[in-house]
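Going down the list, the sequences are from chains E and Y. Once you know that position 143 of the first sequence is 136 in the numbering used here, the rest is easy, because the numbers rise by one and skip nothing. Once you know that position 3 of the second sequence is 121 in the numbering used here, the rest is easy, because the numbers rise by one and skip nothing. All C-beta atoms in this analysis are idealised placements derived from N, C-alpha and C, irrespective of residue type, glycine included. What follows is a single structure, written as structure tokens, with notes after it.
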Amino acid sequence: MPMVPAPSDSAVMADVLAAPVAGLLGWLVPGLGHLYLGERTRGIVCLVTITATFWTGVAIGSVQTTVDPRDRTLWFLAQICTGGNTLVAYAWHAIVTPNPSPDRERASQAQAALVVPHWLSVDVGVHYTGVAGLLNLLVILDALSRADGGPRGGAGGSRDRPKGAP
Amino acid sequence: MSAPLLALFTTSAELTGAQRLVLILPLCLSVAIIYKTTRLEDLREVPAAAAVLWVTIVLSMCAVGFGLWALFSIML
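Okay, here's the thing in structure tokens:
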């Protein structure tokens, strides 16, 4: 019986850490978890698609209103799944949005009653960024599954259904 | 960074109702691309599979919308 060399401690540690590191990287930058696992094309497709979707939403709705954890808490929970993108957008939001003081808030409410808000645009922007976050959650789960050696369809196969299946 | 590029992200776009509906198309395309990218092992199959899924999502949403509109019209 041939002798199989025992894996070194560092190799075992790398295997154990692969899933959490891939998940964390995938949260920070969409697709980075796949790039870390050596799935270069898949990672780049996820990176470009999710980042483009997120920032298209911010461009449609504006950074002041699209990423707002106070007014849109549930949507923010979806948006935060894109990690780095949302943190950058939220930092930008904090810079361009002045701190609300009671007087300023009353004045802005009075002004808001006079102007027609672009609520349609804001809604579309929030939907884009929220969906981008949920898509990144899917990508993170896929990276975790691949790091753990999850189900694969085989060479050239599909996880949708096995080749030749009815 | 140039000011027009910054202004793109700090002022909301003015959309009409029709433009709002059209913007569902790229969002559905993103969903289809990401879903198929994670599901298919052979990435060469992704463009065709994503296009089919995209058309399916859009037509299904149109069908649901039409059905609800018809129901709403009958009820009132």
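| Item | Value |
| --- | --- |
| Helix, strand or coil for A158/Y? Go by DSSP, reduced to three states. | In the sequence under discussion, the amino acid at residue 158/Y is Leu, which differs from the Ala named in the question. In this structure, L158/Y counts as strand in the three-state DSSP scheme. |
| Among the residues of its own chain, which have a CB less than 6 angstroms from the CB of D8/E, if the five just before and after it don't count? | none |
| In its own chain, which residues sit with a C-beta less than 7 angstroms from the C-beta of A140/E, not counting the 5 before and 5 after it? | A11, A12, A15, L30 |
| Let me confirm a value: P165/Y is counted as buried when at least 16 other C-beta atoms fall within 10 Å, else exposed. Which label applies? | exposed |
| With a cut-off of 8 angstroms on the beta carbons, I'd call T49/E and N78/E a contact; round off their distance for me. | So it is not a contact: roughly 11 angstroms between Cβ atoms. |
| With a floor of 4 residues, list each alpha helix (DSSP H) that falls wholly inside the region 20 to 81 of chain E, ordered by position along the chain. | 25 to 29, 33 to 54, 56 to 59, 66 to 72 |
| Measuring only the C-alpha atoms, how far is C126/E from D61/E? | The sequence shown places Gly at residue 126/E, rather than the Cys named in the question. Distance between the alpha carbons of G126/E and D61/E is about 14 angstroms. |
| From the DSSP output, in three-state form, read off S130/Y for me. | coil |
| Out of curiosity, what's the CA-to-CA distance linking V38/E and T58/E? | 28 angstroms |
| According to DSSP, is T90/E helix, strand or coil? | coil |
| Which one of T156/Y, R138/Y, A167/Y has the shortest CA to CA distance from L130/E? | T156/Y |
| Could you have a look at S1/E and say whether DSSP puts it in helix, strand or coil? | coil |
| For T128/Y and chain E, any beta-carbon pair shorter than 7 angstroms? | yes |
| Taking C-alpha atoms, which residue in A71/E, R35/E, L80/E lies nearest to V56/E? | L80/E |
| Tell me where the alpha helix (DSSP H) around S191/Y begins and ends. | 164 to 193 |
| For V117/E, which residues in the same chain have their Cβ closer than 8 angstroms to its Cβ, ignoring the five residues on either side in sequence? | G50, I53, G54 |
| Check whether the Cβ atoms of I152/Y and T42/E sit closer than 7 angstroms, and answer yes or no. | yes |
| Of all the options T90/E, R35/E, S114/E, which has the alpha carbon lying nearest to the alpha carbon of A136/Y? | S114/E |
| Note down, in chain order, each residue of its chain lying with its Cβ closer than 6 angstroms to the Cβ of G36/E, except the 5 sequence neighbours on either side. | G24, H27, L28 |
| Determine, using beta carbons only, whether T129/Y and V89/E come nearer to each other than 7 angstroms. | no |
| Work out the CA separation of D2/E and C146/Y for me, nearest whole Å. | 45 angstroms |
| Does the distance from the CB of A150/Y to the CB of A121/Y come in under 7 angstroms? | no |
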